[in-house]
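Peer 1: Residue numbers (the working numbering), protein chains in the order written: chain G, 24 to 227; chain F, 4 to 184; chain X, 2 to 255.
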Amino acid sequence: MLEASNLECVRGERRLFAGVGFRLEGGEMLFLQGRNGSGKTTLLRMICGLTHPVAGEIRWKGETIGALGEEFREELCYLGHLNAIKEELTPLENLTASARLAGETLSEDEALDALEAVGLLGREDLACKYLSQGQKRRVALSRLVHEKRALWVLDEPFVALDIAAVAWLAGLIGAHLQRGGMAVLTTHQAVEIPAGQVRELMLS
Amino acid sequence: MIGTITAVTARDLKLAMRRQADIVSVLFFFIIVASLFPLGIGPEPDLLRKLAPGVLWVGALLATMLSLPRLFADDFRDGTLEQLVLAPQPLGLTVIGKVLAHWLVSGLPLALLAPVLGLQFDLSTDALLVLTVSLLIGTPALSGIGAIGAALTLGLRGGGVLVSLLVLPLYIPVLIFGAGA
Amino acid sequence: MNNRLINWFKYASPQSFYPLAGKMIPWFAALAVVFGVAGLWLGMVVAPTDFQQGEGYRIIFIHVPASWMSMFIYLVMAFWAALGLAYNTRLSGMMAQALAPTGALMAFLSLWTGALWGKPMWGTWWVWDARLTSELILLFLYIGFIALQASIDDPRRADKAGAVLALVGVVNIPIIYFSVKWWNTLHQGSSVSLTKSPSMAMLMLWSMLLMALCFWMYSIAVALYRARSIMLERERGTEWVKEVLAAEGEGVAK
């Protein structure tokens, strides 16, 4: 379904990677590994279409993502290392606003449900600037609770989470894979994903 | 289509309302600049009346420019811009929504404030009306052209100064038609 | 047709354009000198003293070609920019970047010589005439382009941003010109008109054309030279640049 071939990335004068390719079917997950600065985030951004590879191409259901454009973005959920939440808005507003901007409808009940899942119930009306780093990350992750799109691209999703939250998120990703979804993610810690087929890709 | 634009605009307006200080400081900048001119030129009413449209237009132009970096920079810093780019709607609509919100919190208040400042310059009622209407028509163009400059300089060092270097020459036709009206 | 297309795209890669440009530069430089000497000789020595304007009018042999070039270079820059955006070729951005300083120089020369000419003729260095004002704004546009490119570290992004700016500028130039013209008639700024003496002698026209050709050749030579430097700088990590540098190093050693 998601196919990348012969990707090359050049940052300044340095070639970060070349000849990178992989293939991902429904229900499978791709673990990107590599040292700091090996180009993991760049590769994730390429998969989303935010960065263009110097060479190679990425195909979704047989067509290049550039040609698909909006059709591809409809099925893509990206969580970068930035939280993409607004400090001035409350967690509840952030959640509904981001769903609305992504063209989805999210009822208030669903949003509250998602915030409960990340343990932020009771703080849903507090502006995000008063939350801690970990709590802000949870607000960002709460987007995934009701996320039905097929391809999840997650950049270091487990960072700044405690053990219970890591297990919860792993379960969430597992459930997504079980539904036939796909995920590409980077992480520095070993995490057990309860379901689905895991592939690994080492960038060096 | 309209839905996308209103969603983006509503979000930006809500954010602006939570940070009213930003809007107010731009308006005060406009007031102060406009008030400096009589002090520099002298108090003769005839001269001031002649200069008023130009002064107020240049003031509005500079005030708009001051507010430009905010258009995309905040969203860029916290990652929401990436999400907007990746949203399934056409990017153009998102940009229109943002420009519209920018105009509603900068251009529109400036245009409404201008007749009050025009009184300082002893403008007649007719002249005040023309000035306000010209600003109402012209300021959306300022927001639109400015958005190009703000986007091109996003995340660059010295972005603020650079924006003025890029955008001010492009503002000239708007200034000429606006102040000449 | 197809063959020719492929041929063109071959030279769109810096690798094959670099040696070609290297071969062309001396020719254009030589032509610039030839045309320049001929034009200056005609303009400064052969052309008679103008009975109205005296010797001072001769500055137009520099002024007019510089103004033409400043406008034309912007168009060429926008053309490269559009090409770069459409086909994503590396060369386009480099050419646009190489042209900008020359264009800015021409705009500056045009303004400077215009002021020098205006002082004795009109008794003032500057009038807010439509053409002068547009030329000044053109200079601002060049400076904005150069400043934008200079402050972006990633060359690909610099090319794209510069291209967008150049295209916006090229759409704006006619608007600026006509708005300034309209503004000017509204304000009755200057009573002097810029039109030259009623009938320009054939000789002067020739000399001006020669000077224009000289400026053309100069601009092409300098832009190519600058483009070559930009190519080496941007692609210093690649094999072909290393080969070129090694070969040139040998040449120097000999």
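Note that the Cβ used here is the ideal one computed from N, Cα and C, for glycine as well.
The model shown is predicted, which means the values in this text are computed figures rather than measured ones.
Compare the beta carbon distance of G157 (chain G) and A183 (chain G) with 8 Å and say whether it is the shorter of the two.
Peer 2: For the purposes of this step, residue 157 (chain G) is identified with residue 134 of the first sequence, where counting begins at 1. For the purposes of this step, residue 183 (chain G) is identified with residue 160 of the first sequence, where counting begins at 1. Closer than 8 Å, so yes.
Peer 1: Quick one: is E36 (chain G) near chain X, going by C-beta distance under 8 Å?
Peer 2: Here residue 36 (chain G) corresponds to residue number 13 of the first sequence, with the count starting at 1. E36 (chain G) counts as touching chain X.
Peer 1: Give the secondary structure of L25 (chain G) by DSSP, where H, G and I count as helix, E and B as strand, and everything else as coil.
Peer 2: Working through the first sequence from its first residue, we reach residue 25 (chain G) at position 2. Residue state, collapsed to three classes: strand.
Peer 1: Hey, out of X:R229, X:M212, X:L233, whose CA is closest to V35 (chain X)'s CA?
Peer 2: The sequence position of residue 35 (chain X) within the third sequence is 34, counting from 1. Measuring from the Cα of V35 (chain X), the nearest candidate turns out to be X:M212.
Peer 1: Below 7 Å between beta carbons is the criterion; list the residues of the segment 65 to 88 of chain G that meet it against any residue of chain F, in chain order.
Peer 2: Of all residues in the segment 65 to 88 of chain G, C71, L73 have a Cβ within less than 7 Å of some Cβ in chain F.
Peer 1: In three-state terms, what does DSSP make of R132 (chain X)?
Peer 2: Against the third sequence, residue 132 (chain X) aligns to sequence position 131. R132 (chain X): helix per DSSP, three-state reduction.
Peer 1: Taking the beta carbon of D130 (chain X) as the centre, do at least 16 other beta carbons fall within 10 Å, making it buried, or is it exposed?
Peer 2: Taking the first residue of the third sequence as position 1, residue 130 (chain X) is located at position 129. With 16 or more other Cβ atoms within 10 Å, it is buried.
Peer 1: Could you have a look at L208 (chain G) and say whether DSSP puts it in helix, strand or coil?
Peer 2: Numbered from its first residue, the first sequence carries residue 208 (chain G) at position 185. In this structure, L208 (chain G) counts as strand in the three-state DSSP scheme.
Peer 1: Rounded C-beta distance between A104 (chain F) and S137 (chain F)? I'm assuming under 8 Å.
Peer 2: Taking the first residue of the second sequence as 1, we reach residue 104 (chain F) at position 101. Taking the first residue of the second sequence as 1, we reach residue 137 (chain F) at position 134. Actually they do not touch by this definition, with Cβ atoms about 22 Å apart.
Peer 1: Is there at least one Cβ from chain G nearer than 8 Å to G44 (chain X)'s Cβ?
Peer 2: As a first step, residue 44 (chain X) must be located in the third sequence, where it is residue number 43. Chain G, which has no Cβ nearer than 8 Å to the Cβ of G44 (chain X), makes this no.
Peer 1: When the cut-off is 8 Å and only beta carbons count, does A31 (chain X) lie next to chain F?
Peer 2: The count along the third sequence starts at 1 and reaches residue 31 (chain X) at position 30. No, A31 (chain X) lies away from the interface with chain F (no Cβ there is under 8 Å from its Cβ).
Peer 1: Of the residues X:A162, X:V245, X:L214, which one's Cα is nearest the Cα of A33 (chain X)?
Peer 2: To locate residue 33 (chain X), count along the third sequence from 1; it is residue 32. Checking every option, the nearest Cα to that of A33 (chain X) belongs to X:L214.
Peer 1: Count the other CB atoms within 10 Å of the CB of L66 (chain G); is the residue buried (16 or more) or exposed (fewer)?
Peer 2: Against the first sequence, residue 66 (chain G) aligns to sequence position 43. L66 (chain G) is buried by the Cβ-count criterion.
Peer 1: Mind pulling the alpha helix (DSSP H) runs of 4 or more residues that sit fully within the segment 56 to 112 of chain F?
Peer 2: List check, alpha helix (DSSP H) in window: 73 to 81, 83 to 89, 94 to 105.
Peer 1: Note the first and the last residue of the continuous beta strand (DSSP E) segment covering R37 (chain G).
Peer 2: Sequence index remark: in the first sequence, residue 37 (chain G) carries index 14 (1-based). It spans 37 to 47 - the beta strand (DSSP E) in which R37 (chain G) sits, taken as one unbroken run.
Peer 1: What does L108 (chain G) reach in chain F if we use C-beta pairs closer than 9 Å?
Peer 2: If you number the first sequence from 1, residue 108 (chain G) lands on position 85. It is Ile, not Leu, that sits at residue 108 (chain G) in the sequence shown. Neighbours of I108 (chain G) on chain F, chain order: D81, G82, T83.
Peer 1: Classify Q92 (chain F) as buried or exposed, calling it buried when 16 or more other Cβ atoms lie within 10 Å of its own Cβ.
Peer 2: Locating residue 92 (chain F) in the second sequence gives position 89, counting from the first residue. Under this definition Q92 (chain F) is a buried residue.
Peer 1: Using the Cβ count rule (16 or more neighbours within 10 Å means buried), how would you classify I35 (chain F)?
Peer 2: Position 32 of the second sequence holds residue 35 (chain F). Burial call: exposed.
Peer 1: Quick one: list the residues of chain G neighbouring G55 (chain X), beta-carbon separation under 8 Å, in chain order.
Peer 2: By one-based count along the third sequence, residue 55 (chain X) stands at place 54. Correct list: empty, because the minimum Cβ distance to chain G is about 58 Å.
Peer 1: Cβ atoms of A120 (chain G) and R14 (chain F): under 8 Å apart, would you say?
Peer 2: Mapped onto the second sequence, residue 14 (chain F) falls at position 11. Mapped onto the first sequence, residue 120 (chain G) falls at position 97. Yes, the Cβ-Cβ distance between R14 (chain F) and A120 (chain G) is below 8 Å.
Peer 1: Please classify W175 (chain G): does DSSP put it in a helix, a strand, or coil?
Peer 2: For the purposes of this step, residue 175 (chain G) is taken as the residue at position 152 of the first sequence. W175 (chain G) falls in the strand class under three-state DSSP.
Peer 1: Determine whether the Cβ of S191 (chain X) lies closer than 8 Å to any Cβ atom of chain F.
Peer 2: Looking up residue 191 (chain X) in the third sequence gives position 190. With a pLDDT of only 43 at S191 (chain X), under 50, the local geometry of the prediction cannot be trusted, and no value is derived from it.
Peer 1: Are the C-beta atoms of R227 (chain X) and some chain G residue less than 8 Å apart?
Peer 2: If you number the third sequence from 1, residue 227 (chain X) lands on position 226. No, R227 (chain X) lies away from the interface with chain G (no Cβ there is under 8 Å from its Cβ).
Peer 1: Since G82 (chain F) and L226 (chain G) should fall inside the 8 Å C-beta cutoff, what is the C-beta to C-beta distance between them, to a whole number of angstroms?
Peer 2: Indexing the second sequence from 1 puts residue 82 (chain F) at position 79. Indexing the first sequence from 1 puts residue 226 (chain G) at position 203. In fact, because the Cβ distance is near 22 Å, the residues do not count as touching under 8 Å.
Peer 1: Below 8 Å between beta carbons: does that hold for T114 (chain X) and I74 (chain X)?
Peer 2: Reading the third sequence from its first residue, position 113 is the one you call residue 114 (chain X). Reading the third sequence from its first residue, position 73 is the one you call residue 74 (chain X). No, these two residues do not count as a Cβ contact at 8 Å.
Peer 1: Any contact of the segment 134 to 146 of chain X with the segment 168 to 184 of chain F, i.e. 3+ C-beta pairs under 8 Å?
Peer 2: Enough Cβ pairs lie closer than 8 Å, so yes.
Peer 1: So, is the C-beta of L21 (chain X) closer than 8 Å to a C-beta in chain F?
Peer 2: Sequence index remark: in the third sequence, residue 21 (chain X) carries index 20 (1-based). L21 (chain X) does not count as touching chain F.
Peer 1: Whole angstroms is fine: what's the gap from A99 (chain X)'s alpha carbon to L106 (chain X)'s?
Peer 2: To locate residue 99 (chain X), count along the third sequence from 1; it is residue 98. To locate residue 106 (chain X), count along the third sequence from 1; it is residue 105. Cα to Cα, the separation comes out at about 12 Å.
Peer 1: Got a sec? Which residues, its chain only, sit under 7 Å from V133 (chain F) by beta carbon, not counting five neighbours each side?
Peer 2: Within the second sequence, numbered from 1, the residue matching residue 133 (chain F) stands at position 130. Only A184 meet the Cβ criterion.
Peer 1: How would you list, in chain order, the residues of chain F whose beta-carbon sits under 8 Å from the beta-carbon of R96 (chain G)?
Peer 2: Here residue 96 (chain G) corresponds to residue number 73 of the first sequence, with the count starting at 1. The contacting residues are L89, A90, P91.
Peer 1: Going by the CB atoms, is the gap between L99 (chain G) and R172 (chain G) shorter than 8 Å?
Peer 2: The residue you call residue 172 (chain G) lines up with position 149 of the first sequence. The residue you call residue 99 (chain G) lines up with position 76 of the first sequence. Yes. Within cutoff.
Peer 1: Compute the distance between the beta-carbons of F62 (chain X) and G37 (chain X), then report whether it is under 8 Å.
Peer 2: Numbered from its first residue, the third sequence carries residue 62 (chain X) at position 61. Numbered from its first residue, the third sequence carries residue 37 (chain X) at position 36. Against a cut-off of 8 Å, the Cβ pair of G37 (chain X) and F62 (chain X) comes out as no contact.
Peer 1: I196 (chain G) to G152 (chain F), Cα distance in whole Å?
Peer 2: Translated into the one-based positions of the first sequence, residue 196 (chain G) becomes position 173. Translated into the one-based positions of the second sequence, residue 152 (chain F) becomes position 149. Each residue's alpha carbon lies about 40 Å from the other.
Peer 1: Along chain F, in chain order, which residues have C-beta atoms closer than 7 Å to that of I138 (chain X)?
Peer 2: As a working mapping, residue 138 (chain X) is identified with position 137 in the third sequence. P172, I175, listed in chain order.
Peer 1: Looking at the secondary structure, which residues open and close the alpha helix (DSSP H) in which F216 (chain X) lies?
Peer 2: For this step, residue 216 (chain X) is matched to residue 215 along the third sequence. Segment 203 to 235, the alpha helix (DSSP H) holding F216 (chain X).
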